[in-house]
Amino acid sequence: MSQDYSYFGFSYINRNAENDAKNTTALNNAADISVIVVYFLVVLAVGVWSMVHTNRSTVGGFFLAGRSMVWWPIGASLFASNIGSVHFVGIAGTGAASGIAIGGFEWNALFAIVILGWIFVPIYIRAGIITMPEYLKKRFGGQRICIYLSLLSLVLYVFTKISADIFSGAIFIQQAFGLNIYLAVIALLAITALYTVTGGLAAVIYTDTLQTFIMLIGSFILMGFAFNEVKGYENFEKLYMQAIPSITGNISANCYEPRPDSFHLFRDPVTGDLPWPGLVFGLTIQCIWYFCTDQVIVQRCLSAKSLSHVKGGCILCGYLKILPMFLMVFPGMISRILYTDVVACVDPDECEKHCGTRVGCSNIAYPKLVVELMPKGLRGLMLSVMLASLMSSLTSIFNSASTLFTMDIYTRIRRSASEKELMIAGRVFILALIGVSIAWIPVVQAAQSGQLFVYTQSITSYLAPPVAAVFLLAIFCKRVNETGAFYGLIIGLCMGLSRMITEFIYGTGSCAIPSNCPTIICGVHYLYFGLILFVISGIVMLAVSLMTKPIDDKHLYRLCWSLRNCTEERVDLEMDDWTDNQDSNSVDSDDDEPGFLKKAVMCFCGLETKKAPKLTKEEEEELQRKLTDTSEVPLWRNVVNINAVILLCVAVFCHAYFG
33 MSQDYSYFGF SYINRNAEND AKNTTALNNA ADISVIVVYF LVVLAVGVWS
83 MVHTNRSTVG GFFLAGRSMV WWPIGASLFA SNIGSVHFVG IAGTGAASGI
133 AIGGFEWNAL FAIVILGWIF VPIYIRAGII TMPEYLKKRF GGQRICIYLS
183 LLSLVLYVFT KISADIFSGA IFIQQAFGLN IYLAVIALLA ITALYTVTGG
233 LAAVIYTDTL QTFIMLIGSF ILMGFAFNEV KGYENFEKLY MQAIPSITGN
283 ISANCYEPRP DSFHLFRDPV TGDLPWPGLV FGLTIQCIWY FCTDQVIVQR
333 CLSAKSLSHV KGGCILCGYL KILPMFLMVF PGMISRILYT DVVACVDPDE
383 CEKHCGTRVG CSNIAYPKLV VELMPKGLRG LMLSVMLASL MSSLTSIFNS
433 ASTLFTMDIY TRIRRSASEK ELMIAGRVFI LALIGVSIAW IPVVQAAQSG
483 QLFVYTQSIT SYLAPPVAAV FLLAIFCKRV NETGAFYGLI IGLCMGLSRM
533 ITEFIYGTGS CAIPSNCPTI ICGVHYLYFG LILFVISGIV MLAVSLMTKP
583 IDDKHLYRLC WSLRNCTEER VDLEMDDWTD NQDSNSVDSD DDEPGFLKKA
633 VMCFCGLETK KAPKLTKEEE EELQRKLTDT SEVPLWRNVV NINAVILLCV
683 AVFCHAYFG
C-alpha cells in the first residue's frame, strides 16, 4: 500500500516499491532527469541571451521589447501565454468528463484573434499607449476608470490566472511524480521570476517561443501514443461511450455515463452543460475581453515592429489554436477510456482514494496518461511541456501585471518617479506577486472540486463582460463618455459580484451533490449570465452617456474607429503627470561612478544607466511618428489578409464538422 505524508499542510503520496519498479509514478531515472535538466538549462540560456541582446533599461524596452519583435515569436508567445497548464489539466479533464464541447472554447477564439489584429491593435498603436488602462484614460479622461481597470485586472490575475495555473501544475507534479507540491511550486516560481525580473518582455517572448515548440512536440507524441492505444478515431468514439466506472453506488446514471452529445460542439440551449447560444455569443464576449483588451495578450502585439507583424503573429496564433482539441481534449477523453475507474470515478470514497478529492478525478486525466503511456525520457519531456506551459503563462502574467502596476498605479503614487525608479518598482512588484501566489496555494488546494476550468471561466463571466463592453463602445461609439463608461462598469461589477459571492457562499456543488444556491441567482448558466451582464452594462453606458455632455472630437482623434485616420493633433483630456516630469527626473542625481558589485547587479536587472543624447523636438516627433505608424507594405498586407480569410474559413469548417 502507498502511504500519505504531509509537509507544510500539503500531502503527497509515497509510492510503493512495485510502482517505483515500473517507473510510472516517480521521477527516479536518469533519462527523465536529464531531459528536465537540459530543458531548464536551455530556457535559462535563452533568458540570458535575451538579457544581453535586448534593451531592458527603458520603459519601452522592458515592457514592450523595444517594439522590435517580428511575427513568429509574437504568434508563438500569444499561443504560449494563452495555453497554460490549466489547459492540459483543466480542458483535458473536462473533455474526459463531458466530451468535445470544451474544445469550442479554443476554436471560438479564432474570431477574436482576427478582431484583435485587424481592429483593436491598430487603434492601440495609433493611440501610442503601453497599457489598456492608459488607452481608457486617453479615451475618456479622468482617473477612476483607469484605476478601476488596473485593480480589476490584478484581481483577475491573482484569483483566476495565477491560482489556476499554479494549482493545475501542482496537480500534474503531485500525480505524476509524487513530489512535495509546496517546495516544487516555490522552485518553479523562483525560476520563472528570475528571467522575468531580469529580462523584461523580450525574455518572456523568446522563452515563450521555445516553450511553444516544446509543448507542441510533447503533445503530438502523447497524442500518437494515446490513439495507438484505442486503435484509431472510429474505435475511440465507440469506446468513449462505453467508458462507465465499475463502482457507482446509488448515484444517478446521469452522473457517470458519457453524455449522448459527447461528440457534438453545439448542445441543447436549456439542458446542455455548454449550451450552444452561450458558446456562440456568451463565449465570444469572454474571448473579446481576453484577446482584445487583456494586458497579457495585447502587450505582445504592441511589441511588434509593424502592423503587418502584429497581424502575422495573430494568424500564427490562430492556426496554433486549432490544435488543443486534438492535443488536449481527445487525449483527455482517451484517458477516461483507458483508466475509467480512476478518471471517471463517481463514488466519493473511490475518488478520494485515487486523487485525494471526493467530487471527481477528471483533472488527473492528462497526467495519468503521461505517467502510464510515456516511456523513460519522453516522460521527462512531457514534464518539461507542463513546466513550460506553466512558466510561460506565469511569466506573461507577471510581466503584464508589473506593467499595469508600474504605469497605471505607481506613477500616481510617485508622480515624479524617474525611469530607473519605475524599472525597480516593476521588478519589485513581480516579487510581491510571487509572494501572493505562494500564499494563495493552500486556498486553491482547499478549493479543489474537480471543476477547475469551469471555475476560471465562470469568474471571468462574472467580472469581464463590462470591461469588454466599455472597450467595444470606446472604439466604435464616440458618443460614449467617461460618466457613462464608469457607471456601466460599476453596475456590471455589482451584478457580477452578487452572483460570484453567492456561489462562493453556497458552493457550486456537483452532479451527485447539488448546490443549494437559489435558482434565481445561480440557475442561469454562467455563459448566459455573461451575455446578460454585457448587454445591461452596455445599455447603461449608452443611456448615461446620452444624458450627459459628449466629448469633443479634438480629444478623440485616432482613439475611435471613425476617427482612426485623422491627422490633426489630438488634445489629450488630461496630460500624463509622469510624462510631464520624467525629463527632469529621469537622470539619477548621483553622478558618481558605481562600484563593481553595484554595476553587476544593475546590469543583471537591466537597470544600467545608458546616457543617450537628448533628442530635439523634431527628433522626438519623428520617434513618436514611428511608434504610432500603422502603415503596411501592400504585398504583406495582402498576404496577412488572405491568411485571415483562410483562418476564419477553417474556424467555420471546424464548428460545422464537429457541431
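With our numbering applied, the sequence shown covers 33 to 691. All residues carry an ideal CB built from backbone N, CA and C; glycine is no exception.
Taking GLU384 as part of the alpha helix (DSSP H), name the residues at either end of that continuous run. As a first step, residue 384 must be located in the sequence shown, where it is residue number 352. Here the alpha helix (DSSP H) through GLU384 covers 380-387.
Simplified DSSP state of PRO666, which is helix, strand or coil: Translated into positions along the sequence shown, residue 666 becomes position 634. It is helical.
Less than 8 Å between the C-beta atoms of PRO292 and PRO301, yes or no? The sequence position of residue 292 within the sequence shown is 260, counting from 1. The sequence position of residue 301 within the sequence shown is 269, counting from 1. No, they are not a contact pair.
Using C-beta distances below 7 Å, list every residue in its chain close to MET7, excluding the 5 sequence neighbours before and after it, in chain order. Only positions 33 to 691 of the chain appear in this structure, which leaves residue 7 out of reach.
Within this structure, are the beta carbons of CYS696 and LEU110 separated by less than 8 Å? Past the edges of the chain, shown from 33 to 691, lies residue 696, and the structure says nothing about it.
In this structure, what does DSSP give as the bridge partners for PRO307? Your numbering for residue 307 matches position 275 in the sequence shown. Bridge partners of PRO307: ARG299.
Beta-carbon proximity of PRO277 to VAL391, cut-off 8 Å: Sequence index remark: in the sequence shown, residue 277 carries index 245 (1-based). Sequence index remark: in the sequence shown, residue 391 carries index 359 (1-based). No.
Excluding five sequence neighbours on each side, which residues of the same chain lie with their C-beta closer than 6 Å to the C-beta of ILE523? Here residue 523 is taken as the residue at index 491 of the sequence shown, counted from 1. These residues qualify, in order along the chain: VAL572.
Proximity below 8 Å, CB of SER182 to CB of ILE466: Start at 1 with the first residue of the sequence shown, and residue 182 comes out as number 150. Start at 1 with the first residue of the sequence shown, and residue 466 comes out as number 434. Result no, Cβ atoms of SER182 and ILE466 do not sit closer than 8 Å.
Can you tell me which residues form a DSSP beta bridge with ALA336? Position 304 of the sequence shown, counting from 1, holds the residue named residue 336. Per DSSP, MET101.
Could you please give the first and the last residue of the uninterrupted alpha helix (DSSP H) stretch that includes ASN267? Reading the sequence shown from its first residue, position 235 is the one you call residue 267. It spans 265-273 - the alpha helix (DSSP H) in which ASN267 sits, taken as one unbroken run.
Distance CB(LEU495)-CB(GLY528) smaller than 8 Å: Taking the first residue of the sequence shown as 1, we reach residue 495 at position 463. Taking the first residue of the sequence shown as 1, we reach residue 528 at position 496. Cβ atoms of LEU495 and GLY528: closer than 8 Å.
Using DSSP with H/G/I as helix, E/B as strand and the rest coil, what is VAL556? For the purposes of this step, residue 556 is identified with residue 524 of the sequence shown, where counting begins at 1. Reduced to three states, the DSSP call for VAL556 is coil.
Residue from VAL102, THR280 and ALA62 with nearest C-alpha to SER335: As a working note, residue 335 is residue 303 in the sequence shown. SER335 has its Cα closest to that of VAL102, out of VAL102, THR280 and ALA62.
Taking the CB atoms as reference points, tell me whether ILE583 and LEU426 lie closer together than 8 Å. For this step, residue 583 is matched to residue 551 along the sequence shown. For this step, residue 426 is matched to residue 394 along the sequence shown. No; because the gap between Cβ atoms is not below 8 Å, this pair is not in contact.
With a cut-off of 8 Å, do at least 3 Cβ pairs link the segment 542-555 to the segment 506-514? no
Beta-carbon contacts of SER294 that lie in its chain and below 6 Å, excluding the five residues immediately before and after: Here the question's residue 294 lines up with position 262 in the sequence shown. Same-chain partners within the cutoff: GLY131.
Which first and last residues belong to the alpha helix (DSSP H) in which LEU142 is found? As a first step, residue 142 is located in the sequence shown; it is residue number 110 there, counting from the start. 136-147 is the span of the alpha helix (DSSP H), which, as asked, contains LEU142.
How would you call GLY310, buried or exposed, if buried means at least 16 neighbouring beta carbons within 10 angstroms? Numbered from 1 along the sequence shown, position 278 holds the residue referred to as residue 310. The residue is buried, with at least 16 neighbouring Cβ atoms inside 10 Å.
PHE685: buried (16+ other C-beta within 10 angstroms of its C-beta) or exposed? Along the sequence shown, read from residue 1 onward, the residue named residue 685 stands at position 653. The residue in question, PHE685, is exposed, as its Cβ has fewer than 16 Cβ neighbours within 10 Å.
By the 10 Å Cβ neighbour count, where 16 or more other Cβ atoms means buried, how is LEU463 classified, buried or exposed? The residue given as residue 463 occupies position 431 in the sequence shown. Answer is exposed; the Cβ neighbour count stays below 16.
Which of helix, strand or coil DSSP assigns to GLU451: The residue given as residue 451 occupies position 419 in the sequence shown. The answer is helix: DSSP assigns GLU451 an H, G or I state.
Give every residue of the same chain whose Cβ lies closer than 6 Å to the Cβ of ASP373, excluding the five residues on either side of it in the sequence, and list them in chain order. Walking along the sequence shown from the start, residue 373 turns up at place 341. Answer for ASP373: PRO277 and SER278, listed in chain order.
Indicate the three-state DSSP secondary structure (helix, strand or coil) for ALA506 in the structure shown. Locating residue 506 in the sequence shown gives position 474, counting from the first residue. In the structure shown, ALA506 sits in a helix (DSSP, three-state: H, G or I).
Of the residues ILE203, MET357, ILE198 and GLY344, which one's Cα is nearest the Cα of LEU248? Mapped onto the sequence shown, residue 248 falls at position 216. Of the candidates ILE203, MET357, ILE198 and GLY344, the one whose C-alpha sits nearest the C-alpha of LEU248 is MET357.
What's the call for ILE157, buried or exposed, on a 16-neighbour Cβ count within 10 Å? Within the sequence shown, numbered from 1, the residue matching residue 157 stands at position 125. Looking at its Cβ environment, which holds 16 or more other Cβ atoms inside 10 Å, ILE157 is buried.
As assigned by DSSP and simplified to three states, the class of GLY691: Locating residue 691 in the sequence shown gives position 659, counting from the first residue. DSSP places GLY691 in coil when its eight states are reduced to three.
For CYS383 and PHE690, what's the separation of their Cα atoms in angstroms? As a first step, residue 383 must be located in the sequence shown, where it is residue number 351. As a first step, residue 690 must be located in the sequence shown, where it is residue number 658. Straight-line Cα distance between these residues: approximately 31 Å.
Using a Cβ-Cβ cut-off of 7 Å (strictly less than) and excluding sequence neighbours within five positions of ILE553, which residues of its own chain qualify? In the sequence shown, residue 553 corresponds to position 521, counting from 1. Only ARG531 and THR534 meet the Cβ criterion.
Classify PRO666 as buried or exposed, calling it buried when 16 or more other Cβ atoms lie within 10 Å of its own Cβ. Looking up residue 666 in the sequence shown gives position 634. Exposed, by the Cβ-count rule.
Just to confirm my understanding: we take THR244, look at its own chain, exclude 5 residues before and 5 after, and list those with CB closer than 7 Å. What are they? Your numbering for residue 244 matches position 212 in the sequence shown. Cβ within range, chain order: ALA108, PHE111 and ALA112.
Going by Cα to Cα distance, which pick from ASN675, SER117, LEU148 and THR660 is closest to GLN327? Counting from one through the sequence shown, the residue named residue 327 turns up at place 295. With distances taken between Cα atoms, GLN327 lies closest to LEU148.
Identify the continuous alpha helix (DSSP H) that holds MET406 and give its terminal residues. As a first step, residue 406 must be located in the sequence shown, where it is residue number 374. Counting along the chain, MET406 falls outside any alpha helix (DSSP H), and DSSP gives it neither H nor E.
6 Å CB neighbourhood of VAL187 in its chain, flanking five on each side removed: Translated into the one-based positions of the sequence shown, residue 187 becomes position 155. Excluding sequence neighbours, VAL187 sits near nothing in its chain.
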